[in-house]
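Listed in order, the protein sequences are those of chains A and B. Quick note: the first sequence uses UniProt numbering, first residue 1, plus one each step. Quick note: the second sequence uses UniProt numbering, first residue 1, plus one each step. Step one of this worksheet: look at the structure below.
2 protein chains.
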Amino acid sequence: MHSAPPATLTSAPAAPPLDTVLARATAAAERIRTSSPADRARLLTVLADALDAAAGRLIPVAHRETHLPEARLTGELARTTFQCRLFADRLATGALDDVRIDHADPDWPMGARPDIRRTTVPLGPVLVFAAGNFPFAFGVLGGDTVSALAAGCSVVVKAHPGHPALSRLTASVAAAALADAGAAPDLLQLIEGERDGADAVRDHRIKAVGFTGSTRGGHQLFQLAAGRPDPIPFYGELGSTNPVVVTPAGWAERGADIADGFAASFTLGSGQFCTQPGVVFVPDVDAFLAAMPPLVAGPMLDARTATGYATALDDLAAQDGVRVAARTPGGDGLPDVAVLRTTTEAVRTTPSLISTEVFGPASLLVEYGTLDEVEEVLGDFEGTLTGTVQGGHALDEDGLRMLDALTRHAGRVIWNEWPTGVTVSDAQQHGGPWPASTAPTTTSVGTAAVHRFRRPVAFQNVPERGLPPAVRDRR
Amino acid sequence: MHSAPPATLTSAPAAPPLDTVLARATAAAERIRTSSPADRARLLTVLADALDAAAGRLIPVAHRETHLPEARLTGELARTTFQCRLFADRLATGALDDVRIDHADPDWPMGARPDIRRTTVPLGPVLVFAAGNFPFAFGVLGGDTVSALAAGCSVVVKAHPGHPALSRLTASVAAAALADAGAAPDLLQLIEGERDGADAVRDHRIKAVGFTGSTRGGHQLFQLAAGRPDPIPFYGELGSTNPVVVTPAGWAERGADIADGFAASFTLGSGQFCTQPGVVFVPDVDAFLAAMPPLVAGPMLDARTATGYATALDDLAAQDGVRVAARTPGGDGLPDVAVLRTTTEAVRTTPSLISTEVFGPASLLVEYGTLDEVEEVLGDFEGTLTGTVQGGHALDEDGLRMLDALTRHAGRVIWNEWPTGVTVSDAQQHGGPWPASTAPTTTSVGTAAVHRFRRPVAFQNVPERGLPPAVRDRR
Chain A
1 MHSAPPATLT
11 SAPAAPPLDT
21 VLARATAAAE
31 RIRTSSPADR
41 ARLLTVLADA
51 LDAAAGRLIP
61 VAHRETHLPE
71 ARLTGELART
81 TFQCRLFADR
91 LATGALDDVR
101 IDHADPDWPM
111 GARPDIRRTT
121 VPLGPVLVFA
131 AGNFPFAFGV
141 LGGDTVSALA
151 AGCSVVVKAH
161 PGHPALSRLT
171 ASVAAAALAD
181 AGAAPDLLQL
191 IEGERDGADA
201 VRDHRIKAVG
211 FTGSTRGGHQ
221 LFQLAAGRPD
231 PIPFYGELGS
241 TNPVVVTPAG
251 WAERGADIAD
261 GFAASFTLGS
271 GQFCTQPGVV
281 FVPDVDAFLA
291 AMPPLVAGPM
301 LDARTATGYA
311 TALDDLAAQD
321 GVRVAARTPG
331 GDGLPDVAVL
341 RTTTEAVRTT
351 PSLISTEVFG
361 PASLLVEYGT
371 LDEVEEVLGD
381 FEGTLTGTVQ
391 GGHALDEDGL
401 RMLDALTRHA
411 GRVIWNEWPT
421 GVTVSDAQQH
431 GGPWPASTAP
441 TTTSVGTAAV
451 HRFRRPVAFQ
461 NVPERGLPPA
471 VRDRR
Chain B
1 MHSAPPATLT
11 SAPAAPPLDT
21 VLARATAAAE
31 RIRTSSPADR
41 ARLLTVLADA
51 LDAAAGRLIP
61 VAHRETHLPE
71 ARLTGELART
81 TFQCRLFADR
91 LATGALDDVR
101 IDHADPDWPM
111 GARPDIRRTT
121 VPLGPVLVFA
131 AGNFPFAFGV
141 LGGDTVSALA
151 AGCSVVVKAH
161 PGHPALSRLT
171 ASVAAAALAD
181 AGAAPDLLQL
191 IEGERDGADA
201 VRDHRIKAVG
211 FTGSTRGGHQ
221 LFQLAAGRPD
231 PIPFYGELGS
241 TNPVVVTPAG
251 WAERGADIAD
261 GFAASFTLGS
271 GQFCTQPGVV
281 FVPDVDAFLA
291 AMPPLVAGPM
301 LDARTATGYA
311 TALDDLAAQD
321 GVRVAARTPG
331 GDGLPDVAVL
341 RTTTEAVRTT
351 PSLISTEVFG
361 PASLLVEYGT
371 LDEVEEVLGD
381 FEGTLTGTVQ
391 GGHALDEDGL
401 RMLDALTRHA
411 GRVIWNEWPT
421 GVTVSDAQQH
431 GGPWPASTAP
441 TTTSVGTAAV
451 HRFRRPVAFQ
461 NVPERGLPPA
471 VRDRR
């Protein structure tokens, strides 16, 4: 997930100083720490209902600040409240409990074993850096916030500077809903500005950080978290080029569909998606270009993102061995849509070509002679959120080989579908080796995201009433 | 888990250079990457058998280098091979698979959902820093190595300088066993020396680090891992003081047992255990001291550890408000056994008193007036591997309150038992908030340790034969 470089933003005059925010977050964490999963399920449901009820106020503000179409924003808000309710449901059914019970065993081979019951407890106050490109789904009440609340943590959200009014409105809707539900409104607080964000990462009261944004910004904040006297987990979702391999059979059997699907996927949301297919290996670039439909894209999130896109596009196009193959001028405030082309040979010389993310409606076609070449250049590739194989109607040896090659680098591996459009479910995985994620063993989307914000505790020989309910004999 | 500060050690002349080791580890990782859990179960069993068969050669070398009694070493070796077999069993039964399957659902509320199946894949070559105090259980074939192999990763072990001959012998026994089993012997390689260890942490071919040792050394290596251009997970088990609270009822009802148990636990292994109870809150220090049996301890691991202990003990004893309450001179190469005393009032002034680990047979008694005082001083406490409540025969309100207070800081919470003697099982948890661990959401002991070295991958719309066996419809 990529976003515009943050800018310093003056906080609203009434906003309390950071120290007060963090003191309140600590107190709120203490209150929610021992809440039951059912309590937290109720809170998430209340938040979802409040957000849905405020749609008429939220969407116009989001549209004004992000230029995203209302239909897209309506869908994204629905996704966001669905996400709240999915976590609520899984909390209520116990699916997010992480329970391991070893009863006492005098005959355990390494020596008598005591009764040990392991479950998880919340980490404490979590700091969330909201993203610019999904003002709802990765915003104030987005995935990181919802998974941290589901985990039983209080949350401080650093608002994205791209949509300050929406961030404040969302936070105030949430605060009112929490108050109505009898919960501490400080469970979810907003801060603004780069400096407060960085200071909060360094503050000992923050126990974990969730971040969605650029590789550069995320790397800096990661270093701050790691440089604390008491380092804390930093869950950053940074950059990704989401390679796609079109196999020979794919091209022969499904070429027109693939070209259409590609055009729709890389321009979706004006290419401002973390899972945008930014690199596509094809056997014949000219033929692929000829099969592509006309390219269109809507406006960029803001002027800074548009400028960043134009610069990144020019930089990539200026690399040795890279050419612009197609460029549809946007004009009238719209971005150019661009397809660039290169070859596996050029990538062999300059491996960074396939790991350079261009945040906007552009993608790089890489012409290959054989899949051996693709496998070779992928060998030096870094991490990515997704890897896609576009094969023929049936899975052949080429397809198997490319699925395996991409599994080494990607958090999600896709066959004959496109990486944009990330469903929220129990099996979803959104992450991957650096720089896709700073924490490759975790996910930032899907219900497994909750486990980032809880830590295991083993209870040894603890009587029934001293145990957390999840590990009692009678629950 | 604490260990002596490492010293530079010349590698054996025949040892290949680090670059060769890492190239081999990469090739070995590639070969084991797609192995089946059953294959890896077989390898771990072969390793366990080989280690058991070599006990007659291993234990004398271990005894010579660590001064640990042969009976202890025999028990520790049994624990180590049991650990191999436990992971092997759990691999064979599929218990370590981490599987989530969401079948396609056209009616999924946020929009039609594709078929998504999530399981995990190995991270790649893992670097393990072995500990000094458990030459087998946290040594070359210790918990980190076994969990990384179980995860399907190749392993490079940085030998602890306290037992170089044992490390080399263990590695050669393992290499021979792997060769006999037809596996790549480079699956497990040894390196020596501080410089190679640090260089390996920084090398892009290493994909994760496991470390057991001192807070200072671990913190430095953690910074190296975080400072890479491509940061990697660093799983460090560092320092811990393992606080114990003796409640008023505990003292009244079980005082003599508690004093006996404490004396045995804090002097076990000459206090060189990561879970040694280093801080004990008692209502009456004088009475507690009077109830304690005579104190004895065996030799320290080596001269450097002995010197480090003596210095740390003197430093703690010199702090304002701390006094030596009992000190049994060791003499004849044995360490002094010491009990220090202070008060909750002194801890309130100097909170570090209860987070200062003294690695050796010493412990600090903290006299309290009320449990309010204990709760207050624990409020500023950092992380710890274990927290123990010694209460009366039944769990009362005081006990509940102290269990809860310790759950905020500890990875394992114990009632009326002692923290030393860490069983290896499915529910075990060995870790905790910093500095107990650099990765509080993970464990370094127990079968859950395997998940540190695998990352999730979601397979979307992938046909049956392209899926890993664990997520196929027909397994």
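Beta carbons are placed, not taken as given, at the ideal position from N, Cα and C, and that holds for glycine. Since we're looking at a predicted model, the values are computed, not measured.
Next item on the list: Determine whether the Cβ of G239(A) lies closer than 8 Å to any Cβ atom of chain B.
Entry: no
Notebook entry, point to check: Does the separation of the CB atoms of S270(B) and W418(B) fall below 8 Å?
Noted result: no
Notebook entry, point to check: In chain order, which beta strand (DSSP E) runs of at least 3 residues are fully inside the segment 43-96 of chain A?
Noted result: none
Next item on the list: Pull out every residue of the segment 61-85 of chain A whose Cβ sits closer than 7 Å to any Cβ of chain B, in chain order.
Entry: A78, R79, F82
Check: Should D372(B) be labelled buried (16 or more other beta-carbon atoms within 10 Å of its own) or exposed?
Finding: exposed
Margin query: Three or more C-beta pairs under 8 Å: does that hold for the segment 444-461 of chain A against the segment 103-122 of chain A?
Written below: yes
Notebook entry, point to check: Name the residues in the segment 406-425 of chain B whose C-beta lies less than 9 Å from a C-beta of chain A; which are they?
Noted result: T407, R408, A410, G411, R412, V413, I414, W415, N416, E417, P419, G421, T423, V424, S425
Next item on the list: Reducing DSSP to helix, strand and coil, say where E237(B) ends up.
Entry: strand
Margin query: If you reduce the DSSP assignment to three classes, tell me which class I414(A) lands in.
Written below: strand
Notebook entry, point to check: Shortest alpha-carbon distance to G383(A) belongs to which of L149(A), G152(A), A439(A), S36(A)?
Noted result: A439(A)
Next item on the list: Take T423(B) as the anchor and find which of W108(A), A95(A), G162(A) has the nearest alpha-carbon.
Entry: W108(A)
Next item on the list: Please go through the same chain and pick out, in chain order, the residues whose beta-carbon is closer than 6 Å to the beta-carbon of A225(A), but skip the five residues on each side of it.
Entry: V201, V209, I232, F234
Item checked: chain B contact for F266(A) (CB, 8 Å cutoff) -> no
Item checked: Below-8 Å beta-carbon distance, I59(A) vs any chain B residue -> no
Next item on the list: Compute the Euclidean distance between the alpha carbons of P164(B) and M402(B), then round it to the nearest angstrom.
Entry: 43 Å
Note to self: Any beta carbon from chain A within less than 8 Å of L123(B)'s own beta carbon?
What the structure shows: yes
Next item on the list: Give me whichever residues DSSP pairs with S437(A) in a beta bridge.
Entry: E237(A)
Margin query: Within 10 Å of its beta-carbon, does A179(A) have 16 or more other beta-carbons around it, so buried, or fewer, so exposed?
Written below: exposed
Checklist line | S363(B) - containing beta strand (DSSP E), residue span | finding: 362-367
Next item on the list: For the beta strand (DSSP E) holding D102(A), just list the boundary residues, first then last.
Entry: 100-102
Margin query: Rounded to the nearest angstrom, what separates D105(B) and I116(B) at their Cα positions?
Written below: 10 Å
Item checked: Proximal residues of chain B, C-beta to C-beta of L400(A) below 8 Å -> R465, G466
Next item on the list: Quickly, what does DSSP pair A458(B) with across the bridge? List them, please.
Entry: R412(A), R118(B)
Note to self: Tell me the rounded alpha-carbon separation between I414(A) and D398(A).
What the structure shows: 14 Å
Checklist line | Buried or exposed by the 16-neighbour rule on C-beta atoms within 10 Å, applied to A287(A) | finding: exposed
Next item on the list: Show which residues of chain B have a CB atom less than 7 Å away from the CB atom of I101(A).
Entry: A427
Notebook entry, point to check: Can you list the residues of chain B that N461(A) reaches, using a CB-CB cut of under 8 Å?
Noted result: I414, W415, N416, E417
Checklist line | Same chain, Cβ closer than 8 Å to H103(B), five either side skipped, listed in chain order | finding: D115
Note to self: DSSP has Q189(B) in a bridge; who is on the other side?
What the structure shows: V156(B)
Checklist line | Inter-residue spacing [alpha-carbon to alpha-carbon] between V324(B) and T342(B) | finding: 9 Å
Check: Which residues bound the beta strand (DSSP E) around F281(B)?
Finding: 279-282
Notebook entry, point to check: Excluding five sequence neighbours on each side, which residues of the same chain lie with their C-beta closer than 8 Å to the C-beta of A112(A)?
Noted result: A104, D105, P106
Next item on the list: Assuming A326(B) and L289(B) form a contact by the criterion Cβ under 8 Å, report the distance between their Cβ atoms to the nearest whole angstrom.
Entry: 6 Å
Next item on the list: Just the C-alpha distance for A38(B) and D144(B), rounded to the nearest angstrom, thanks.
Entry: 20 Å
Checklist line | Backbone secondary structure at R205(A) - three-state DSSP | finding: coil
Notebook entry, point to check: What are the boundary residues of the beta strand (DSSP E) that V128(A) is part of?
Noted result: 126-129
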